[in-house]
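*Asks:*
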Amino acid sequence: MRLSRYFLPVLKENPAEAQIASHRLMLRAGMIKQEAAGIYAWLPLGFKVLRRLEQIVHEEQQRAGHIPLLMPTLQSADLWRESGRYDAYGPEMLRFKDRHDREMLYGPTNEEMITDIFRAHVSSYKELPLTLYHIQWKFRDEVRPRFGVMRGREFLMKDGYNFDLTREDALHAYNRHMVSYLRTYERMGLTAIPMRADSGPIGGENTHEFLVLANTGESEVFYDAAVAGLKLGDRQVDYDNREEVADICKEFTSVYARTDETHDEALFDRIPEDRRRVGRGIEVGQIFYFGTKYSAAMGATVTAPDGTKVPVEMGSHGIGVSRLVGALIEANHDDKGIIWPEGVTPFHVGIVNLKQGDAATDTACEAIYGALRAAGFDPLYDDRDERAGAKFATMDLIGLPWRITVGPRGLAKNLVELTSRRTGESEEMTAEAAIARIAEIYAGV
Ligand SMILES: Nc1ncnc2c1ncn2[C@@H]1O[C@H](COP(=O)(O)OP(=O)(O)OP(=O)(O)O)[C@@H](O)[C@H]1O
Ligand SMILES: [Mg+2]
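According to our numbering, the sequence shown is numbered sequentially starting from 2.
#1: Nearest-angstrom Cα distance between Ser427 and Glu418?
#2: Please find out if some non-hydrogen atom of ligand 1 comes closer than 7 Å to the beta-carbon of Val326.
#3: In this structure, does DSSP put Glu418 in helix, strand or coil?
#4: State yes or no: is the C-beta of Ser323 nearer than 7 Å to some heavy atom of ligand 1?
#5: How big is the Cα-Cα spacing for Glu284 and Asn207?
#6: Tell me the rounded alpha-carbon separation between Gly1 and Met105.
#7: Determine, using beta carbons only, whether Arg120 and Ala394 come nearer to each other than 8 Å.
#8: Give a yes or no on whether the C-beta atoms belonging to Ile442 and Phe378 are separated by under 8 Å.
#9: Tell me the rounded alpha-carbon separation between Phe156 and Phe140.
#10: Tell me the residue span of the beta strand (DSSP E) that contains Thr406.
#11: Is DSSP giving Ala30 helix, strand or coil here?
#12: Within 10 angstroms of its Cβ, does Gly327 collect 16 or more other Cβ (buried), or is it exposed?
#13: Is any heavy atom of ligand 1 found at a distance shorter than 7 Å from the C-beta of Thr362?
#14: Taking the CB atoms as reference points, tell me whether Tyr290 and Tyr257 lie closer together than 8 Å.
#15: Measure the C-alpha to C-alpha separation of Tyr90 and Ser23 and round it to an integer number of angstroms.
#16: How many whole angstroms separate the CB atoms of Leu133 and Gly108, which I take to be in contact at a CB cut-off of 8 Å?
#17: Are the Cβ atoms of Ala193 and Thr260 separated by less than 8 Å?
#18: With respect to 7 Å, is the separation between the Cβ of Arg152 and the closest non-hydrogen atom of ligand 1 below this value?
#19: I'd like the list of long-range same chain contacts for Ile330, defined as Cβ closer than 7 Å, with 5 residues on each side in sequence excluded.
#20: With distance defined between alpha-carbon atoms, name the residue in Ala444, Arg64, Thr431 and Arg374 nearest to Arg184.
#21: Using beta-carbon positions only, say whether Thr420 and Arg410 come within less than 8 Å of one another.
#22: Look at the alpha carbon of Leu166 and the alpha carbon of Glu112, and state the distance between them as a whole number of angstroms.
#23: Output the distance between the C-alpha atoms of Arg324 and Arg152, rounded to the nearest integer angstrom.
#24: Let me check understanding here. Comparing Cα to Cα, which of Ser84, Gly400 and Leu381 lies closest to Tyr295?
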């Protein structure tokens with residue numbers, strides 16, 4: 002993309018309504034525009050990051066054997082009456098009537114609808130195990146939408162639902178989700194710690210929330226410092242191997258980490274004092290095992306091997322995709338702007354032409370731009386007729402992790418500059434070497 006042809010409405014001033022860094026930076030970097038309280042338009046730069054996160058979520062869900070589908074945002078109230086949640090859900094649910102006076106709602110989650118799909122098409126244990134998921138907009142009429150996309154009213158969520166014959170099978174699905182989530186967050190460059198949680202209106206006995214440590218987080222968290230250092234790394238996981246998957250879950254959940262809802266002071270006090278941490282976290286996902294809560298209420302049964310009909314065992318699992326954009330920025334920014342991890346950056350590299358209109362720099366920039374694109378990269382070339390300072394400020398604000406700077410002085414020696422947004426360090430090298438370095442950096446991403 003050439004910046005002169007892009008739509009990047011950056012703001013010079015700090016928006017007064019933004020209380021936290023991610024909200025302020027998303028507005029300033031032209032990523033989102035508020036359309037109503039808690040409802041945002043995703044401008045091109047923000048949309049690109051959102052799409053990238055969706056892509057990672059899809060890849061990791063499918064790696065775990067989960068199957069994508071797409072359910073609508075609008076649902077019928079009758080479905081929710083079957084589970085008893087139409088009355089239980091409260092004012093967070095946006096309810097309305099269509100022209101025929103039928104009661105409808107904008108889905109805050111999809112347990113009822115997926116159970117309805119399941120019961121319409123599956124009747125035998127032979128079709129299990131099955132995990133279906135989608136990435137779809139949700140609406141919850143939050144009392145206090147705030148912090149931009151972190152607590153919106155309309156927000157994008159990945160929600161997945163497992164269907165199994167037995168409790169053991171369903172617990173394996175739960176574990177599979179935990180591991181696939183850990184892998185998802187790690188690929189995004191985030192450390193999200195699974196913490197034992199309360200089940201709330203979804204119901205159920207087993208549940209973990211995934212929290213990104215950040216002092217602007219809304220949850221109070223208590224943990225053993227050792228948990229923050231755990232990494233999946235490049236381990237190959239066989240998602241069908243129950244023991245292997247369960248062992249990974251054990252590794253990540255046997256170190257103390259809880260939110261204020263489940264915090265146990267006595268257990269916490271057993272951690273060596275120098276490792277005890279109290280802080281704040283952003284909830285970026287949650288997994289639940291709830292057994293037959295919805296299947297029993299809604300008559301989603303399967304024939305078991307012995308011929309009896311049993312309600313299917315279920316769980317539901319969510320990732321806050323749009324909230325993650327904010328969480329990523331909370332975890333990766335400085336006073337100049339965003340610093341995208343390579344795994345989620347909207348463009349791989351920025352190209353800054355220090356002397357637009359100069360035949361030599363223009364030609365060199367075009368060549369770098371073309372070579373990067375030919376190699377499969379998505380560069381953002383700042384080809385505007387602007388001062389160098391303004392170009393650098395824009396690049397720093399939007400946070401591309403790497404920048405190639407091309408100016409007449411360097412070109413005279415056949416050199417360009419490669420700069421890391423995170424460290425600020427620059428290195429002079431030939432254009433070919435810079436392109437090769439970019440390829441090296443992204444090879445493992
Ligand atoms: N209002 C919201 N805006 C943006 N993302 C949200 C919002 N509510 C929930 N999410 C995201 O969707 C994920 C799955 O939804 P879940 O039902 O667990 O939310 P929740 O526990 O009600 O969230 P919270 O406690 O933050 O209100 C959450 O972990 C969170 O990342
Ligand atoms: Mg939750």
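Glycine included, every Cβ here is placed at the ideal spot set by N, Cα and C.
*Replies:* Taking the structure as given:
#1: 6 Å
#2: no
#3: strand
#4: yes
#5: 17 Å
#6: Here the chain comprises residues numbered 2 to 446, so residue 1 is not present and cannot be evaluated.
#7: no
#8: no
#9: 6 Å
#10: Trp403 to Val407
#11: coil
#12: buried
#13: no
#14: no
#15: 30 Å
#16: Leu133 to Gly108, Cβ: 15 Å. No contact.
#17: no
#18: yes
#19: Ala22, Ser23, Leu26, Met27 and Ile339
#20: Arg64
#21: no
#22: 17 Å
#23: 7 Å
#24: Ser84
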